[in-house]
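Peer 1:
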Amino acid sequence: MNLLLNISFSSLARWIDLSLTNLLNNYMLVKAIEMVIAGLSLLVFLVPLCFFLGYMERKVAAFMQIRLGPNRVGPKGSLQIVADTVKLLLKEGLTPNASDKFLFNLAPVIVVIACMLVMAPIAFAKDFQLWDLSIGVLYISSVSSIGVIGILMAGWSSYNKYSLLGAMRSGAQIVSYELSVGLSIISIVVLTGSMRMSDIVLSQENGWWIFKGHIPVLISFIIFIIASTAEINRAPFDLAEAEQELTAGFHTEYSGMKFAMFLLAEYINLFVVSAIAATLFLGGWMPFHIGHWEAFNHVMDFLPSSIWFLGKTFAIIFIIMQFRWTFPRLRVDQLLNLEWKYLLPISMVNVLLVTIMAIMGWHF
Amino acid sequence: MTSEEIKQSVTALFSDVIYDETGEFLNILINASELRPLMELLYSKTEFKFDYLFCLTCIDWKTHLTMVYHLLSKKHRHNIVVKAKIADTNKPEIETVCDIWKTADFHEREVYDLFGVKFLNHPDMRRILLDEDWVGYPLRKNYADENMIKL
Amino acid sequence: MSLLGEDIVTGKGEFVINIGPQHPSTHGVLHLKVWLDGETINKIQPHLGYIHRSIEKMSECLSYRNFIYVTSRMDYLSAHINNQACALAVEKGLQIEATPRGRVIRLLMAELTRLQSHLLWWGCTGLDLGAVTPFFYAFREREAIMDIMDETCGARLTMNYCVPGGVMYDVHPNFQKRVKDIIVQLRSRFDEYDQLLTGNVIFEQRTKGVGYLSPEDAVSYGCTGATARGSGVSCDIRKWFPYDGYENVQFNEILGKTGDCYDRYMVRMAEMKESVNIIEQLINNIPEGDFQAKTKMVLKLAKGEYYQRVETARGELGVYIVSDGAASPYRIKYRSPNFSNLSALEVMAKGAKIGDLVAIMSTIDLVIPDVDR
Amino acid sequence: MNASTIIFYILAATIISGALLAVTSRKIFRSAVFLLFSLIGIAGLYFFIDYEFIAAVQIIVYVGGIIVLIIFSVFLTHGSGEDMKRPTIGRAAFAALAAIFGGVLTMFLISQHTFFPSGKTGIEPSPENIGSQMLSTTEHGYILPFEVVSMLLLAAMIGCIVIAIKIKVPPHKILPETDEDGIEIFDQKQTTLENKQIQL
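Chains as they are written, first to last, in my numbering: chain A, 1 to 364; chain B, 1001 to 1151; chain C, 2001 to 2373; chain D, 3001 to 3200.
1) Is A/Tyr-159 near A/Ala-98, with beta carbons less than 8 angstroms apart?
2) Measuring only the C-alpha atoms, how far is C/Thr-2207 from C/Leu-2255?
3) In the structure shown, what three-state DSSP assignment does B/Cys-1058 receive?
4) Using a Cβ-Cβ cutoff of less than 6 angstroms, which residues in the same chain neighbour A/Ala-114 once the five nearest sequence positions on both sides are dropped?
5) Can you look up A/Met-197 in the DSSP assignment and give me helix, strand or coil?
6) Could you tell me the distance, in whole angstroms, from the CA atom of A/Ala-60 to the CA atom of A/Ile-320?
7) Please state whether the Cβ-Cβ distance between C/Pro-2024 and A/Glu-243 is less than 8 angstroms.
8) Note down, in chain order, every chain A residue with its Cβ under 9 angstroms from the Cβ of C/Ala-2131.
9) Could you compute how far the alpha carbon of C/Ile-2364 sits from the alpha carbon of B/Phe-1025?
10) Using a beta-carbon distance cut-off of less than 9 angstroms, what residues from the stretch 2328–2342 of chain C approach chain B?
11) Suppose contacts are defined by Cβ-Cβ distances below 8 angstroms. Is D/Gly-3117 in contact with D/Phe-3053 by that definition?
12) Taking a cut of 7 angstroms between CB atoms, which residues from the stretch 2034–2063 of chain C lie near chain B?
13) I need the boundaries of the beta strand (DSSP E) containing B/Leu-1065, first residue and last residue.
14) Hey, is B/Gly-1116's beta-carbon within less than 8 angstroms of any beta-carbon in chain G?
15) Nearest chain B C-beta to C/Tyr-2243 closer than 8 angstroms, yes or no?
16) Closer than 9 angstroms, Cβ to any Cβ of chain C: which residues of the stretch 1018–1038 of chain B, in chain order?
17) Using the rule of at least 16 other Cβ atoms within 10 Å of the residue's Cβ for burial, across every protein chain shown, is B/Gly-1023 buried or exposed?
18) Quick check: what's the CA-CA separation for D/Ala-3096 versus D/Lys-3085?
19) Taking the beta strand (DSSP E) that C/Val-2310 belongs to, which residues open and close that run?
20) Against chain B, which members of the stretch 2360–2371 of chain C pass a CB distance test of less than 8 angstroms?
21) Smallest Cα separation from C/Met-2109: which of C/Ala-2293, C/Lys-2294 and C/His-2172?
22) Under 8 angstroms, do C/Lys-2353 and C/Glu-2039 count as touching if we go by C-beta distance?
23) Can a CB atom of chain B be found closer than 8 angstroms to the CB of C/Val-2090?
24) In its own chain, which residues sit with a C-beta less than 7 angstroms from the C-beta of A/Met-300, not counting the 5 before and 5 after it?
25) Using the three-state DSSP reduction, which class does B/His-1107 fall into: helix, strand or coil?
26) Under 8 angstroms Cβ-Cβ, which residues of chain B neighbour C/Val-2219?
27) When burial is assigned at 16 or more other CB atoms within 10 Å of the CB, is C/Pro-2215 buried or exposed?
28) How far does the alpha helix (DSSP H) with B/Glu-1005 in it reach, from first residue to last?
29) Residue range of the alpha helix (DSSP H) that C/Arg-2335 falls in?
30) Using C-beta distances below 6 angstroms, list every residue in its chain close to B/Ala-1032, excluding the 5 sequence neighbours before and after it, in chain order.
31) Can you tell me whether C/Gly-2355 is buried or exposed, with buried defined as 16 or more other CB within 10 angstroms of its CB?
32) Give me the Cα-Cα distance between A/Arg-14 and A/Gln-129, rounded to the nearest whole angstrom.
33) Hey, could you find the ends of the alpha helix (DSSP H) C/Lys-2057 is sitting in?
34) So with Cβ pairs under 8 angstroms, would you call D/Leu-3036 a contact of chain A?
35) Under three-state DSSP, which class holds C/Gly-2166?
36) For A/Met-153, decide whether its Cβ has a neighbour in chain D, counting only Cβ atoms nearer than 8 angstroms.
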């Protein structure tokens, strides 16, 4: 057991790299195979993750709505989501006759690719990261903005007025809320002095930023959660697919697997956003440490880092899911007012406060 | 205001109206051509002030059509029924009241749809419930539909 | 492909969108043609008749006993109150009165119907504004009420319990106990409803100042029920023209002040509490005796006209019977509350956003079969 | 040919084909999407030479900003859903000539210039270096252009706000207080109608 815990993911990766190099003796081929392995393991991780998030969403919804949720297919209804996936796979993927067929089919792919690319710099556990690049958080906020193009594409190419309205709403919404997300990320970058994900996690070794950073960081955490909920189009900010107003918004015309891809992207985005929030504010895979309490820190270290990471992430996911099942939806002008009149000025002042704090060294 | 007082006030301005008090409400029977001035009076005069048209319909008496307007005054809490006789059943026409009571807009369209009464000066005289290309007026007594199942 | 071609965009740069007949928030097959400027509504035109079944024509072919049952299908959420209106109209024509026991049972059932209708409305309002959870909370209590109806008369929704002269059967022995239970349950749940939806910031933002209907317009458009009372217009038929013993019970007519969606919402919420009060007053005082007056086998109304108004869950329902002395009515007109309330939609929604349109429609509480009849 | 050459050619092909399709596509929205691919390809090129910061900025500015703006303006353009008209032959010929002339001129200039490796080592393109260069006043400092550009952007922003500002009409009038039974308020309308009655 102890031995198993001591094997870190980086040593595993090094072992794979070494054995492949010995076996093939061709640098290019080894790199290619390693990339395929990385991509495959990401997929292998993402599909069960989405299954689990779908199941979790149903159970959380049921919990909030005094009902049981899925309980027929499989033990405790756990296979319900598999059944749904099979149903979606077998369904006919309709393409409207008047639509721009090339863009219509391309849109879900772009949405899924964009959110998968964002997974690259996320640190899942100690020494377990696909790509630790020097601009980690900047990369995340830049690549995640590709997703909006997919949504705009879907809305435009469907040849449906509801879709077009949904796409317009979603475009305005994502572009606006990106600012608040960016500014709240910047407050942590200011404190850490680095955009590298591993640096950000390591900087929280003696305490998470949400505790070390006093009230300003707490504010930027709250703003980050609100703004990123809006950015991933989840209720109460799901205006792009407001069912009661626009039937299904930008994916009104989608069915079958193409629709499932939008669903998949929604859940991956949910995970990514929660993972980033956990990394920036709650220390990522870093166990709960307090300053110089060595004994306490050691006790905390007994839990594997991946458990810490996933625990924090799912706690945030649970909060975001609770939003969805409690709040009514905002109206489109109220949504933009919230961003431009409240969140953005607050987060701008907040960045200033954090900067002063960082310069004066007032944080712990 | 009691129905006697209403009768007196109306008679002072309109000579050829017939009153019928057998039913629950006071009924005023009038010719279709004189409906409009009477309605304007009933709505505007302070002691009547029938501001609420709660029912507007038509009855097909085979020989003629009767438009029925049920009015209520929210202030004085008195009711009145105005009935206008339309003699021409082939091309029935009557003045609209939808500029006095806006609710008449939809109700008159419904009467047009089901009885074929054309309301003059109505801003949007289209069928409301049936298709635009429907033939005939279903609530007329002489309406025949070969697909109709006889009970 | 002409997404912005002539058929969609008018000369003024308006965007025409058809909401319905199949749409999640029209609560049925209502079709609204909406002219939009961006997301702002410039003009709105309802297209009706998708489920027009000509209930008036059907009623003309049926006997005075049978036509009552057809009316359950108009406003199916207040089916019992529709039946009550017809039964009262026929009783007026026969010049009889229902037995005291029958009247109280009718009244109790009418208030239970109002409660279940308002509960469904409350859930749907939450749903329309994007909050899914209230729907399930509302259905918890609604199911209990439906079970009482099921036990009493064998049907849950379209009950057909009223007959001229009283009710069809006596109530079930469990009736009193179960109704008392539901009163206690509802009293404790109202606070929960307020916590869940009423006090929510987003909900208040979505409804306050939205869908303003002036009292003048409310009267002019013939709006009734909570739609008009939200604008401060007194129009409760139970107070104005009491029937079936509403004059003997204590209850308040709730009037709003501002005439926006929030006031219409609050009026309905308060009305539910009033309904519970009415039930509480009556449930222990159901008189003994016959539940149904003795009537002839074939009912024939004297020649004449009979008009009966009742307050359904949505407003004033008028039944206008013209009799020529035969065994079936010569002409029947149902003055349905939703038909008039819907006509005021345009003044309410003009200048609002699409999201507001949904809020407005849900606070008018439309039941489309009642509009189309 | 090694892996990096292959990757370079793939990126180059993406950029060039995206650019060509963007120009030749007859649907304006498709053009915008092909332009997106071209820009993403350029970002990929930056990643390829390890200029990660520039690459991320490329994506943020061009993909997240410019392309979204282009798409929005396409949405709001009248008749943008239809195919664009085929250009006339004269126009096409002129465009081809201009393109060929531009290409030849560029090639000529490049061939005239002799490139030689500079003795100085470049600045390492890490975010820290870029940041400090951007705000430094020394030899390679960019503080002046940086500030000038920000002033320009500020001016543009204020201009946009001024253009977009609209004087709001209050959505509805303030209601008079209703009395207890909500009846008195109708009297306002009554007065106007009594005038009408005098005409009768």
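In this text, a Cβ means the ideal position worked out from N, Cα and C, and glycines have one as well.
Peer 2: Per the coordinate set shown:
1) Residue 159 of chain A sits at position 159 when you count from the first residue of the first sequence. Residue 98 of chain A sits at position 98 when you count from the first residue of the first sequence. The answer is yes: Cβ separation under 8 angstroms.
2) Stepping through the third sequence from its first residue, residue 2207 of chain C is reached at position 207. Stepping through the third sequence from its first residue, residue 2255 of chain C is reached at position 255. In a straight line, the C-alpha of C/Thr-2207 is about 17 angstroms away from that of C/Leu-2255.
3) Reading the second sequence from its first residue, position 58 is the one you call residue 1058 of chain B. Strand at B/Cys-1058.
4) Your numbering for residue 114 of chain A matches position 114 in the first sequence. Once the five neighbours on either side are set aside, the close Cβ partners of A/Ala-114 are Ile-146 and Gly-147.
5) Locating residue 197 of chain A in the first sequence gives position 197, counting from the first residue. Reduced to three states, the DSSP call for A/Met-197 is helix.
6) Mapped onto the first sequence, residue 60 of chain A falls at position 60. Mapped onto the first sequence, residue 320 of chain A falls at position 320. The sequence shown places Val at residue 60 of chain A, rather than the Ala named in the question. Taking the straight line joining both Cα atoms gives about 11 angstroms.
7) The residue you call residue 2024 of chain C lines up with position 24 of the third sequence. The residue you call residue 243 of chain A lines up with position 243 of the first sequence. In contact: C/Pro-2024 and A/Glu-243 (Cβ atoms closer than 8 angstroms).
8) Position 131 of the third sequence, counting from 1, holds the residue named residue 2131 of chain C. Under the 9 angstroms cutoff, chain A gives Ala-235, Pro-236, Trp-325, Thr-326, Phe-327, Pro-328 and Arg-329.
9) As a first step, residue 2364 of chain C must be located in the third sequence, where it is residue number 364. As a first step, residue 1025 of chain B must be located in the second sequence, where it is residue number 25. Their Cα atoms are separated by approximately 30 angstroms.
10) Listed in sequence order: Tyr-2330, Arg-2331, Lys-2333, Arg-2335, Phe-2339, Ser-2340 and Leu-2342.
11) Locating residue 3117 of chain D in the fourth sequence gives position 117, where the first residue counts as 1. Locating residue 3053 of chain D in the fourth sequence gives position 53, where the first residue counts as 1. The sequence given here places Pro at residue 3117 of chain D; Gly does not occur at that position. No, these two residues do not count as a Cβ contact at 8 angstroms.
12) Leu-2048, Gly-2049, His-2052, Ser-2054, Glu-2056, Lys-2057 and Cys-2061
13) Translated into the one-based positions of the second sequence, residue 1065 of chain B becomes position 65. 1065–1072 is the span of the beta strand (DSSP E), which, as asked, contains B/Leu-1065.
14) Among the protein chains in the structure shown, which are A, B, C and D, there is no chain G.
15) For this step, residue 2243 of chain C is matched to residue 243 along the third sequence. It does not; no Cβ of chain B falls within 8 angstroms.
16) Flagged, chain order: Thr-1022, Gly-1023, Glu-1024, Phe-1025 and Asn-1027.
17) In the second sequence, residue 1023 of chain B corresponds to position 23, counting from 1. Counting the other CB atoms within 10 Å of its CB gives B/Gly-1023 a total below 16, which places it among the exposed residues.
18) The residue given as residue 3096 of chain D occupies position 96 in the fourth sequence. The residue given as residue 3085 of chain D occupies position 85 in the fourth sequence. C-alpha separation (whole angstroms): 17 angstroms.
19) Locating residue 2310 of chain C in the third sequence gives position 310, counting from the first residue. For C/Val-2310, the enclosing beta strand (DSSP E) has its first and last residue at 2304–2312.
20) none
21) As a working mapping, residue 2109 of chain C is identified with position 109 in the third sequence. Comparing C-alpha distances from C/Met-2109 to each of C/Ala-2293, C/Lys-2294 and C/His-2172 shows the shortest one belongs to C/His-2172.
22) Walking along the third sequence from the start, residue 2353 of chain C turns up at place 353. Walking along the third sequence from the start, residue 2039 of chain C turns up at place 39. Going by C-beta atoms, C/Lys-2353 is nearer than 8 angstroms to C/Glu-2039.
23) As a first step, residue 2090 of chain C must be located in the third sequence, where it is residue number 90. It does not: the Cβ of C/Val-2090 has no partner Cβ on chain B nearer than 8 angstroms.
24) Residue numbering aside, residue 300 of chain A sits at position 300 when the first sequence is read from its first letter. In its chain, beyond the 5 residues on either side, Pro-287, Phe-288 and His-289 have a beta carbon closer than 7 angstroms to the beta carbon of A/Met-300.
25) Stepping through the second sequence from its first residue, residue 1107 of chain B is reached at position 107. Helix, per DSSP.
26) For the purposes of this step, residue 2219 of chain C is taken as residue 219 along the third sequence, with counting starting at 1. Asp-1051, Tyr-1052 and Lys-1074, listed in chain order.
27) The count along the third sequence starts at 1 and reaches residue 2215 of chain C at position 215. It is buried - the Cβ of C/Pro-2215 has at least 16 other Cβ atoms within 10 Å.
28) Counted from its first residue, the second sequence places residue 1005 of chain B at position 5. Start and end: 1003–1013.
29) Residue numbering aside, residue 2335 of chain C sits at position 335 when the third sequence is read from its first letter. Premise fails: C/Arg-2335 lies in the beta strand (DSSP E), 2331–2335, not in any alpha helix (DSSP H).
30) Here residue 1032 of chain B refers to the residue found at position 32 of the second sequence. Hits under 6 angstroms: Ala-1084, Ile-1086 and Ile-1094.
31) To locate residue 2355 of chain C, count along the third sequence from 1; it is residue 355. It is buried - the Cβ of C/Gly-2355 has at least 16 other Cβ atoms within 10 Å.
32) Working through the first sequence from its first residue, we reach residue 14 of chain A at position 14. Working through the first sequence from its first residue, we reach residue 129 of chain A at position 129. For A/Arg-14 and A/Gln-129, the distance between alpha carbons rounds to 13 angstroms.
33) Within the third sequence, residue 2057 of chain C is the residue found at index 57, counting from 1. 2055–2061 is the extent of the alpha helix (DSSP H) around C/Lys-2057.
34) The residue labelled residue 3036 of chain D in the question sits at position 36 within the fourth sequence. D/Leu-3036 counts as touching chain A.
35) What you label residue 2166 of chain C is simply residue 166 of the third sequence in a count that begins at 1. Three-state result, C/Gly-2166: strand.
36) Within the first sequence, the letter at position 153 stands for residue 153 of chain A. Output row for A/Met-153: interface = yes.
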